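Report on the structure given below.
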Amino acid sequence: MNLADRVALFSALRQANPEPKGELRSESPFQHLVAVVLSAQSTDVGVNRVTPELFRRAPNAASMVALGETGIIECIRSLGLYNSKAKHVWALSRILHEQYQGQVPDDRAILESLPGVGRKTANVVLNVCFGHPTLAVDTHVFRLARRLGLAQGKTPTAVEKELLEKIPEEFLYHAHHWLILHGRYVCTARKPGCDRCLIATWCAKLEID
DNA sequence: ATCCCGAGGG
DNA sequence: CCCTCTGGAT
C-alpha cells in the first residue's frame with residue numbers, strides 16, 4: 026500500500042473517531058496497568074466486570090499488596106488465567122510499592138521488567154498513561170494489520186516494526202485505538218464486517234474483487 | 001470449536 | 001520455537 030493510500034486509510038479512521046479511547050476502565054495509571062495485565066487473553070467486558078470490586082478493595086499498590094494473591098483471585102476468578110494473573114498483579118504491586126512509591130514509572134525498560142508486563146502491555150501504558158506514540162500490537166491489531174496488507178510479519182514484534190514504518194507519524198498516537206476498535210467491532214476474527222467497513226477501499230483482503 | 005487489548009517458562 | 005495458563009462468550 027502506497028503512502029497516499031495509508032494517509033487516506035488513517036484519515037478515514039480519524040474522521041469516524043477523532044479522539045479514540047480504550048474501553049478498559051480505571052481511575053489511575055496503577056489501575057490502568059493492572060487492568061491491562063488482566064486483559065491478556067480476556068475481553069475488556071470481562072475485565073470491566075471484575076475491576077470495580079478489585080479496585081474497591083485495592084485502589085492502589087499498597088492496598089493491592091495487602092489484599093494478597095488469594096484476595097485478588099477471589100475478585101478475578103471469572104476472567105480465567107487467574108492464578109498467574111493474581112501472582113503477577115500482586116508481585117508488580119509489591120515492586121511498585123517498595124521501589125517506586127506506588128507510582129507507575131514512565132519508562133519502558135522498568136515497565137517490561139515488572140511481572141506480567143511484556144511489550145504489548147508496556148506499549149499500552151506508555152501510550153494511554155504517558156502520552157507516548159507507541160503502538161501496542163494485540164490480537165486485534167495483529168489480525169487487522171495483516172488483513173489490510175500493512176504487515177506480513179508472523180510475530181507481534183515483527184508487525185509492530187512494520188506498522189511503525191508504515192503509519193504516518195501524525196496518526197501514530199491514536200493508531201492503536203483506531204485499529205483495536207475496528208478489529209473488535211468491524212473486522213472481527215470470525216466474520217469480518219466488510220459490508221460496513223469504512224476502510225474496505227484500501228484492504229488487501231478485498232483487492233481481488 | 002474458537003477467540004479474547006499476552007506473558008512466562010521450557 | 002512451542003506449551004501452558006483458564007473461564008466466559010459466540
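First residue of the first sequence? That's 26 in our numbering, and the numbers climb one at a time after it.
Heads up, the beta-carbon is just placed ideally off N, CA and C, and yes, glycines get one too.
This one's a predicted model, so the numbers in the text were calculated from it and none came from an experiment.
{"Asked": "Alpha-carbon spacing of Ala37 relative to Ala200, whole angstroms", "Found": "12 angstroms"}
{"Asked": "C-beta contact flag for Pro45 and Trp227 at 8 angstroms", "Found": "no"}
{"Asked": "Spatial neighbours of Ala41 in its chain, beta-carbon cut-off 7 angstroms, leaving aside the 5 residues before and after", "Found": "Leu223"}
{"Asked": "Other residues of its chain near Arg168: CB distance less than 8 angstroms, five sequence neighbours each side excluded", "Found": "Gly208, Cys212, Ala214"}
{"Asked": "Contacts around Val61, its chain only, beta-carbon distance under 7 angstroms, and the 5 residues preceding and following it disregarded", "Found": "Leu49, Thr146, Val149, Val150"}
{"Asked": "Counted within 10 angstroms of its Cβ, other Cβ atoms place Gln56 as buried (16 or more) or exposed", "Found": "buried"}
{"Asked": "DSSP-derived helix/strand/coil call for Asp234", "Found": "The predicted model places Asp234 with a pLDDT of 45, which falls under 50 and marks its position as unreliable; any figure quoted below should be read in that light. Coil at Asp234, not helix or strand."}
{"Asked": "Which of helix, strand or coil DSSP assigns to Gly208", "Found": "helix"}
{"Asked": "Counted within 10 angstroms of its Cβ, other Cβ atoms place Asp163 as buried (16 or more) or exposed", "Found": "buried"}
{"Asked": "Straight-line Cα distance separating Ser103 from Ala229", "Found": "38 angstroms"}
{"Asked": "Proximity of Ala176 and Leu188 at Cβ, strictly below 8 angstroms", "Found": "yes"}
{"Asked": "Collapsed DSSP secondary structure at Ala170 in the structure displayed", "Found": "helix"}
{"Asked": "Buried versus exposed, by CB contacts within 10 Å (16 or more), Thr28", "Found": "What sits at residue 28 in the sequence shown is Leu, not Thr. Its Cβ having fewer than 16 others within 10 Å, Leu28 is exposed."}
{"Asked": "Cβ neighbours of Val153 in the same chain (closer than 7 angstroms, five flanking residues each side left out)", "Found": "Gly47, His57"}
{"Asked": "Short Cβ contact (8 angstroms threshold) for His113 with Gly71", "Found": "no"}
{"Asked": "Where Pro193 falls, given that 16 or more other Cβ within 10 Å makes a residue buried", "Found": "exposed"}
{"Asked": "Under the three-state DSSP convention, the category Leu63 falls into", "Found": "helix"}
{"Asked": "Cα-Cα separation between Pro84 and Leu136, rounded to whole angstroms", "Found": "19 angstroms"}
{"Asked": "Same chain, Cβ closer than 8 angstroms to Asn173, neighbours up to 5 away in sequence not counted", "Found": "It should be noted that the sequence gives Leu, not Asn, for residue 173. Within the same chain, Leu173 has close Cβ partners Met26, Leu34, Ile224, Trp227, Cys228, Ala229, Lys230."}
{"Asked": "Pair within 8 angstroms by beta-carbon distance, Ile120 and Ala111", "Found": "no"}
{"Asked": "For Gly127, the nearest candidate out of Ser109, Val90, Ala134, Leu106 (CA to CA)", "Found": "Val90"}
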